[in-house]
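Residue numbers 0 to 659, in numbering that gives the first Met the number 0, belong to the letters of the sequence shown in order.
Built from N, CA and C at the ideal position, the CB exists for glycine as well.
To keep things clear, I will list the structure first and then write my remarks on it.
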Amino acid sequence: MAKKYYITTPIYYPSGNWHIGHCYTTVICDALARFHRMKGEDVFFLTGTDEHGQKVEREAQKRNITPMQFIDPLVSELKDMWRLLDVEYSRFIRTTDADHIKSVQAIYQKLYESGDIYKSEYTGYYCTPCESFWTESQLKDGKCPDCGREVTLQKEESYFFRLSKYAPALLEHYEKHPEFLQPKSRVNEMVNNFLKAGLNDLSVSRTTVKWGVPLPFDERHTAYVWIDALCNYITALGYGSEDDTLFRRYWSADLHMVGKEIVRFHAIIWPAILMALGLPLPERIYGHGWLLIGGDKLSKSKQNARPELTDPYELVKRYGSDAVRYYLLREIPFGSDGEYTNEKFIGRINADLANDLGNLVSRTQAMIGQNFGGTVPPRGREEGPDGELIALCGAAFGKVEADMDALNAPDALADIFAVVARANKYIDETTPWLLARDPEKRERLAAVLYNLAETCRICAVLLKPFLPRAAGAVLAGMGREADGFDSLAFGGLKAGTPFVKTPPLFPRIDLKKELAELEKLVAAKKPATMSAPEAEKPATMSAPEAEKPAAKPEISFDDFTKLELKVGEVVACERVKKSEKLLHETVKIGSETRSVVSGIAKFYTPEEMVGKKVVVVTNLKPVKLCGVLSEGMILCAEDGEGRLSLVSPERAVDSGATVR
Ligand code: MSP
Numbered sequence: 000m001a002k003k004y005y006i007t008t009p010i011y012y013p014s015g016n017w018h019i020g021h022c023y024t025t026v027i028c029d030a031l032a033r034f035h036r037m038k039g040e041d042v043f044f045l046t047g048t049d050e051h052g053q054k055v056e057r058e059a060q061k062r063n064i065t066p067m068q069f070i071d072p073l074v075s076e077l078k079d080m081w082r083l084l085d086v087e088y089s090r091f092i093r094t095t096d097a098d099h100i101k102s103v104q105a106i107y108q109k110l111y112e113s114g115d116i117y118k119s120e121y122t123g124y125y126c127t128p129c130e131s132f133w134t135e136s137q138l139k140d141g142k143c144p145d146c147g148r149e150v151t152l153q154k155e156e157s158y159f160f161r162l163s164k165y166a167p168a169l170l171e172h173y174e175k176h177p178e179f180l181q182p183k184s185r186v187n188e189m190v191n192n193f194l195k196a197g198l199n200d201l202s203v204s205r206t207t208v209k210w211g212v213p214l215p216f217d218e219r220h221t222a223y224v225w226i227d228a229l230c231n232y233i234t235a236l237g238y239g240s241e242d243d244t245l246f247r248r249y250w251s252a253d254l255h256m257v258g259k260e261i262v263r264f265h266a267i268i269w270p271a272i273l274m275a276l277g278l279p280l281p282e283r284i285y286g287h288g289w290l291l292i293g294g295d296k297l298s299k300s301k302q303n304a305r306p307e308l309t310d311p312y313e314l315v316k317r318y319g320s321d322a323v324r325y326y327l328l329r330e331i332p333f334g335s336d337g338e339y340t341n342e343k344f345i346g347r348i349n350a351d352l353a354n355d356l357g358n359l360v361s362r363t364q365a366m367i368g369q370n371f372g373g374t375v376p377p378r379g380r381e382e383g384p385d386g387e388l389i390a391l392c393g394a395a396f397g398k399v400e401a402d403m404d405a406l407n408a409p410d411a412l413a414d415i416f417a418v419v420a421r422a423n424k425y426i427d428e429t430t431p432w433l434l435a436r437d438p439e440k441r442e443r444l445a446a447v448l449y450n451l452a453e454t455c456r457i458c459a460v461l462l463k464p465f466l467p468r469a470a471g472a473v474l475a476g477m478g479r480e481a482d483g484f485d486s487l488a489f490g491g492l493k494a495g496t497p498f499v500k501t502p503p504l505f506p507r508i509d510l511k512k513e514l515a516e517l518e519k520l521v522a523a524k525k526p527a528t529m530s531a532p533e534a535e536k537p538a539t540m541s542a543p544e545a546e547k548p549a550a551k552p553e554i555s556f557d558d559f560t561k562l563e564l565k566v567g568e569v570v571a572c573e574r575v576k577k578s579e580k581l582l583h584e585t586v587k588i589g590s591e592t593r594s595v596v597s598g599i600a601k602f603y604t605p606e607e608m609v610g611k612k613v614v615v616v617t618n619l620k621p622v623k624l625c626g627v628l629s630e631g632m633i634l635c636a637e638d639g640e641g642r643l644s645l646v647s648p649e650r651a652v653d654s655g656a657t658v659r
């Protein structure tokens, strides 16, 4: 029986605004799934969407639609994105799927009956303006750590999971299974910061959130979204349902691939739940790094004022899915973060795909066309550098397999491209264009071109999991589309096989021109916004990412009057440390002075700002941006190039004047 391989991505929040960072986890999993399928394993590859919770509930309410009406189009967009990127999953689970909901209820029931879930009271300090609960130790001087305002002690009925009970067993598991969580750096954090410090029981139900799975033993409560979401890894296989065939076939997971910000949920809470259910733990959890933009985690809102094209649909349309896959799989050192820029992206396509791989294939095809009528010549006697090229081809699969076992796609690709580079060097060494001029060297020419065609085939087979389209095109050019890893022995290619010139796999891109084009394209796509300081909110563990800039519905005059706009005078201004975008202004509004942070550092110096009269939204919920309190928003106009310009009263007006 074939070895099974069960691999999962996290399930995505239906936040829309999909960007290339979102594609990272799933493209890596797809390459791994394809690789294991090609090894003949019985692969189940799971992905999906995490659809419950307050955020969705509120977004739907805001738009006066049902949560499902809000979610459905976003889920379709996400599925389109995976189709465009050639992601081939076995199941796309939605936490609103009826079978998932039933199984989550069965899981809660089981844990309730075994005593691992019990009713108690959730006690926390509540900050009403921020709508956040805090524990006593999180408060700053007894006040809300975000906005510095008074908090009130509140109690809410909740069911708890006995997480604390599982800390010793989890510690023991970490000791016995050093491969459980990778990379190693993430283990220290989990063990020292959480497990050794002791775990608190976890509140796993809410009475305030209606958009969730109702608890079977108390319908006033809904399941905490993270528990609902984590359970997808087993409910997708039918755990807790009448038909658990898939569960018995595939569980436990061979790999949960997740972004580093959600490792804690996967490496502590999830295994504890599995222990409580009496189920085996996953073999491996991998916490990968992030794609960064301007030093921060890439998110759509970070896009403002940057020339990077991060929209996966646009990227695939412009460069093809293989180019996007290649960048994601090759460029970011695995486990670490990697900065995303247009230049790096195009640089990779040009250097590796167009120059190295594209040239090898097109030169080989051209020379076989010119000298042997487009069919592969017979293999000849080995001489000169042949042995080295053949040995490298022979060793490549072993290296790639070891890299993929270590989940290191960048190294796997580097190993394949080392063969490509060696073959290009081989062309320079053997100078087939000179051999072609001498009829006595025809046999040698045939041998050289055979070796090159066979190297193209072997590289294409190895590249199938990573670049399915380009690899498929090379193999189709030889009528060898079906070649798998069992065809890798050098010499498998038969003389007489056609290998004719095909369109270039990756046309070379004029870097300078393309960068200018991209800058224009991105600027033209930017939504007209205010100076949106939201843009630099730190990433949180559980909050969905940036909201979709939906077309704004008509509003009533009453709606408009909810905004409080006032004229303010900037009396002091400085740059926000560690931010390229933010300025921190002290704004006098009548008799009051406010701290305001705005994303305008690229357009105004602090000196220029002082003395300016500006329009401020004064009743916006305060937020902290890069650790600095912002109690309002300064209005700006944005031109088609993404440049911001302050909005100021046309005549002299005192600060504090109302804008309406
Ligand atoms: N819904 C939770 C996961 C629940 S799993 C039981 C969630 N969803 S998410 O939509 O916010 O993230 C989905 C995946 O996208 C995560 O692995 C996350 O790390 C990844 N990425 C989102 N932005 C990213 C980058 N900028 N870079 C790399 N991956 C990032 O978390």
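- Looking at ASP243, GLU50 and ASP482, the one whose alpha-carbon comes closest to that of ASP71 is GLU50.
- A heavy atom of ligand 1 is found nearer than 6 Å to the CB of LYS296.
- Distances taken from the Cβ of PRO281 to the heavy atoms of ligand 1 include none shorter than 6 Å.
- For the pair GLY288 and LYS259, the CB atoms are nearer than the 7 Å cut-off.
- The residue from VAL360, GLY397, ASP509 and GLY379 with its alpha-carbon nearest to that of GLY476 is VAL360.
- Counting the other CB atoms within 10 Å of its CB gives LEU643 a total of 16 or more, which places it among the buried residues.
- Under the rule that a run must span 4 or more residues, the alpha helix (DSSP H) segments found entirely inside the stretch 228-269 read 231-234 and 244-249.
- The Cβ atoms of PRO506 and CYS146 lie no closer than 7 Å to each other.
- Annotation for PHE264: TRP225 and LEU229 place their beta carbon closer than 7 Å to its own, counting only its chain and skipping 5 residues before and after.
- Nearest C-alpha to VAL616 among GLU637, LYS565, GLY626 and ARG593: LYS565.
- In the structure shown, SER597 adopts extended strand secondary structure according to DSSP, grouped into three states.
- According to the DSSP assignment, GLU313 belongs to the alpha helix (DSSP H) that extends over 311-318.
- Residue ranges of uninterrupted beta strand (DSSP E) with 3 or more members, entirely inside the stretch 52-140 and ordered along the chain, are 90-93, 116-126 and 131-133.
- A Cβ-Cβ distance of about 6 Å is found for the pair ASP414 and ASP402, placing them in contact under the 8 Å criterion.
- Contact annotation: THR309 and ILE19 have beta-carbon atoms nearer than 7 Å.
- Around LYS623, the same chain offers ASP145, CYS146 and SER629 as residues with beta carbons nearer than 8 Å, after the five sequence neighbours per side are excluded.
- In the structure shown, LEU170 falls within a helical segment according to DSSP collapsed to helix, strand and coil.
- The beta carbons of GLY631 and VAL595 sit closer together than 7 Å.
- For TYR5, there is no enclosing alpha helix (DSSP H); the residue is found in the beta strand (DSSP E) stretching over 3-7.
- Less than 7 Å divides the Cβ of PRO376 from the Cβ of LEU448.
- PRO167 counts as exposed, since fewer than 16 other C-beta atoms from the protein chains shown sit within 10 angstroms of its C-beta.
- In this structure, DSSP gives PHE465 a state outside helix and strand, which the three-state scheme calls coil.
- The Cβ atoms of ASP321 and ALA469 sit closer than 7 Å to each other.
- Pairing PRO306 with GLU518 gives a Cβ-Cβ distance under 7 Å.
- Using a 10 angstroms sphere on the CB of GLU241, the tally of other CB atoms stays under 16, which defines it as exposed.
- Within the stretch 575-640, the complete beta strand (DSSP E) runs of at least 3 residues fall at 582-588, 591-597, 612-616, 622-624, 627-629 and 635-637.
- Within 6 Å of the C-beta of ALA235 there is not a single heavy atom belonging to ligand 1.
- Looking at the backbone, the Cα of PRO279 and that of LEU110 are separated by about 16 Å.
- Within 6 Å of the C-beta of PRO9 there is at least one heavy atom belonging to ligand 1.
- Contact between the stretch 96-111 and the stretch 53-68 is not established, with fewer than three Cβ pairs separated by less than 8 Å.
- Around the CB of HIS176, fewer than 16 other CB atoms lie within 10 Å, so the residue is classed as exposed.
- Looking from the CA of TYR223, the closest CA among GLU188, ALA275 and TYR158 belongs to TYR158.
- Excluding the 5 residues flanking it on each side, ALA275 has same chain C-beta neighbours closer than 6 Å at LEU110 and ASP115, in chain order.
- Counting other Cβ atoms within 10 Å of its Cβ, GLN60 stays below 16 and is therefore classed as exposed.
- Distances from the CA of ARG650 to each of VAL613, GLU428 and ASN349 were compared; the closest alpha carbon is that of VAL613.
- Between LEU214 and TYR121, the C-beta spacing is not below 7 Å.
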